[in-house]
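Notes follow the structure.
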Amino acid sequence: MDRIRIVGGRPLNGTIPISGAKNATLPLMIASLLTEDTLILDNVPRLADVIQLQRILGNHGVDIMIAGKRAGEAVNNGRTVHISAKSIVDTTAPYELVSKMRASFWVIAPLVARMGEAKVSMPGGCAIGTRPVDLLLMALERLGATIEIEGGYVIARAPRGLRGAEITFPKVTVGGTHTAMMAASLAQGTTVIENAAREPEIGDVADCLNKMGARISGAGTSRIVVEGVPRLHGARHTVLPDRIETGTYAMAVAMAGGDVLLQNGRPELLQAALDVLIETGVSVTVTNEGIRVGRNGAGLAPVQVATAPFPGFPTDLQAQLMALMTRARGVSRITETIFENRFMHVQELVRLGAHIHLDGETATIEGVDRLKGAPVMATDLRASVSLVIAALAAEGETIVNRVYHLDRGFERLEEKLAACGAAIERISG
Ligand code: EPZ
Numbered sequence: 028m029d030r031i032r033i034v035g036g037r038p039l040n041g042t043i044p045i046s047g048a049k050n051a052t053l054p055l056m057i058a059s060l061l062t063e064d065t066l067i068l069d070n071v072p073r074l075a076d077v078i079q080l081q082r083i084l085g086n087h088g089v090d091i092m093i094a095g096k097r098a099g100e101a102v103n104n105g106r107t108v109h110i111s112a113k114s115i116v117d118t119t120a121p122y123e124l125v126s127k128m129r130a131s132f133w134v135i136a137p138l139v140a141r142m143g144e145a146k147v148s149m150p151g152g153c154a155i156g157t158r159p160v161d162l163l164l165m166a167l168e169r170l171g172a173t174i175e176i177e178g179g180y181v182i183a184r185a186p187r188g189l190r191g192a193e194i195t196f197p198k199v200t201v202g203g204t205h206t207a208m209m210a211a212s213l214a215q216g217t218t219v220i221e222n223a224a225r226e227p228e229i230g231d232v233a234d235c236l237n238k239m240g241a242r243i244s245g246a247g248t249s250r251i252v253v254e255g256v257p258r259l260h261g262a263r264h265t266v267l268p269d270r271i272e273t274g275t276y277a278m279a280v281a282m283a284g285g286d287v288l289l290q291n292g293r294p295e296l297l298q299a300a301l302d303v304l305i306e307t308g309v310s311v312t313v314t315n316e317g318i319r320v321g322r323n324g325a326g327l328a329p330v331q332v333a334t335a336p337f338p339g340f341p342t343d344l345q346a347q348l349m350a351l352m353t354r355a356r357g358v359s360r361i362t363e364t365i366f367e368n369r370f371m372h373v374q375e376l377v378r379l380g381a382h383i384h385l386d387g388e389t390a391t392i393e394g395v396d397r398l399k400g401a402p403v404m405a406t407d408l409r410a411s412v413s414l415v416i417a418a419l420a421a422e423g424e425t426i427v428n429r430v431y432h433l434d435r436g437f438e439r440l441e442e443k444l445a446a447c448g449a450a451i452e453r454i455s456g
């Protein structure tokens with residue numbers, strides 16, 4: 028199993044290219060199930076989660092062609108992927124595939140909308156909380172599907188097609204909003220989604236669906252209106268930049284010091300996180316190439332932050348901010364309001380010398396003068412990268428184990444950081 032070795036204490040200087048967003052790529056690939064025609068996606072990141080979703084779609088009969096690198100093309104360009112769900116040979120998504128990646132459960136929506144039925148394994152629990160799917164199923168039921176749960180599988184049926192409906196989510200859910208939007212695109216009549224998630228990835232998927240012939244308005248607000256159409260067609264779409272990758276590297280620079288251009292980073296996708304960084308004393312400048320982040324010498328001010336649905340501070344940056352605050356001059360408080368158990372990084376940060384006290388959903392972090400390298404591991408993607416951030420400022424060597432978590436969501440992480448001067452390398456095997 029690969030590991031990452033980091034020797035802390037080096038500032039970061041240079042340019043980090045931001046990849047296409049994982050959390051837009053996954054639902055965009057799933058949206059390909061809605062049409063017989065080819066969907067072409069540009070700027071697709073090279074990630075383990077993308078490869079896993081390829082396997083899942085392949086199991087339904089979807090053809091996926093990934094364009095090779097053209098002569099002269101920079102390695103940091105995302106890939107172009109051609110996806111054709113011309114004939115769906117199987118409407119079942121088995122446990123072995125779905126259990127590896129929760130977002131794959133979302134295939135249930137396009138399958139039932141286009142094929143009239145879908146049988147998808149329940150995704151099960153995971154390292155950051157219970158993560159139920161009740162709201163996704165509620166949305167499909169509102170659209171006229173019948174839902175049965177049998178042997179760990181959800182069976183959704185709508186033999187005569189879905190019908191437009193009013194769907195009010197009692198809680199903001201990204202997956203619920205994606206699936207409701209996809210299913211409603213092929214339903215008969217109009218669907219109104221209230222209390223919809225406003226995450227930028229929802230807007231990106233809505234844009235792509237509209238290019239495919241859907242009639243969606245209001246994506247990016249909490250009220251989305253979808254006028255169903257009988258069929259969708261092929262389209263070409265460029266995946267938006269990854270706001271979580273952008274925020275992660277911004278925090279890495281804040282931690283290590285230095286000055287880095289986050290190329291293609293878009294500030295409006297993560298304003299709440301940038302505001303918090305500015306509050307800590309880090310300099311953030313927007314240029315026409317991206318976002319410049321710098322910290323030269325000055326200490327970090329502590330902050331009080333609670334995660335919230337977009338446009339609030341993202342839960343997917345909570346662990347990274349906590350790593351940064353381990354070195355702040357004073358006491359910070361971070362409250363996690365989205366997932367009940369997203370603190371797997373705390374005990375590992377403590378192993379590096381951090382002072383963190385957990386009380387329910389709030390972590391109190393007392394900044395320390397120094398962290399010291401150690402072997403660490405984490406059980407989810409964002410927790411793993413928070414350990415990398417801490418290691419950049421820790422004295423001596425840190426080995427981050429279970430690197431496959433990082434590979435799920437960060438493209439060429441060690442290369443990007445090493446190019447800016449970090450002492451970081453992958454140890455294979
Ligand atoms: C998406 O997960 C992201 N995943 C997550 O990113 C992200 O942390 C999360 O949104 C919140 O922003 C992808 O986009 C692929 P939710 P999702 O439905 O859609 C509860 C990462 O590291 N809920 O918005 O699964 C749920 O338990 C990942 O990249 C229900 O109660 O999240 C949570 O408390 C991790 N019933 C809250 O809603 C449901 O049926 C928000 O979850 C669905 C959700």
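Note that the working numbering has the sequence shown beginning at 28, numbered continuously upward.
Positions of the beta carbon are idealized from the N, C-alpha and C atoms, including for glycine.
A quick note: this is a predicted structure, and the numbers were derived from the prediction, not measured.
So what's residue i in DSSP terms, helix, strand or just coil?
| i | result |
| --- | --- |
| N40 | strand |
| N222 | coil |
| L74 | coil |
| P257 | coil |
| F196 | coil |
| L327 | coil |
| T342 | helix |
| V280 | helix |
| P294 | helix |
| R158 | coil |
| H264 | strand |
Express the C-alpha separation of residue j and residue i in angstroms, rounding to a whole number.
| i | j | result |
| --- | --- | --- |
| I135 | S310 | 44 angstroms |
| G36 | K49 | 30 angstroms |
| L327 | M282 | 9 angstroms |
| E175 | K146 | 9 angstroms |
| Q347 | G456 | 26 angstroms |
| T218 | L80 | 28 angstroms |
| K443 | I43 | 6 angstroms |
| L259 | G105 | 25 angstroms |
| V415 | I454 | 14 angstroms |
| E393 | V373 | 13 angstroms |
| A333 | D90 | 42 angstroms |
| R263 | D69 | 8 angstroms |
| R319 | N291 | 11 angstroms |
| D234 | T364 | 29 angstroms |
| V330 | T391 | 10 angstroms |
| I67 | C447 | 32 angstroms |
| L433 | K399 | 21 angstroms |
| A342 | A335 | The question names Ala, yet the displayed sequence has Thr at residue 342. Roughly 7 angstroms separates the two Cα atoms. |
Rounded to the nearest angstrom, how far is the Cβ of residue i from that of residue j, given a contact under 8 angstroms?
| i | j | result |
| --- | --- | --- |
| A481 | F340 | Nothing can be reported for residue 481, as the shown portion of the chain is limited to 28 through 456. |
| I31 | I451 | 6 angstroms |
| A51 | Y431 | Not a contact, Cβ separation roughly 22 angstroms. |
| T206 | L163 | 5 angstroms |
How about residue i: is its C-beta nearer than 8 angstroms to some C-beta of chain C?
| i | result |
| --- | --- |
| I115 | Absent from the structure: chain C. Only one protein chain is present. |
Is the segment 247–257 in contact with the segment 270–290, if contact means three or more CB pairs nearer than 8 angstroms?
-> Judged by Cβ distances under 8 angstroms, the segment 247–257 makes no contact with the segment 270–290, as fewer than three pairs qualify.
When the Cβ atoms of the segment 29–47 are set against those of the segment 265–272, are three or more pairs found closer than 8 angstroms?
-> Touching, yes.
Report yes or no: do three or more beta-carbon pairs, one from the segment 302–317 and one from the segment 381–396, lie closer than 8 angstroms?
-> Too few Cβ pairs lie closer than 8 angstroms, so no.
Inter-stretch contact at 8 angstroms, needing at least 3 Cβ pairs: the segment 210–219 / the segment 240–252 = Verdict: yes, contact present.
Inter-stretch contact (C-beta, 8 angstroms, three-pair minimum) for the segment 194–210 and the segment 117–128 = Cβ pair count under 8 angstroms is below three, so no.
Touching or not, the segment 403–411 and the segment 232–246, by the rule of three or more beta carbon pairs under 8 angstroms?
-> Short answer: they don't touch.
Determine, using beta-carbon pairs with one atom in the segment 58–66 and one in the segment 111–125, whether at least three such pairs fall under 8 angstroms.
-> The answer is yes - the segment 111–125 touches the segment 58–66, with three or more Cβ pairs under 8 angstroms.
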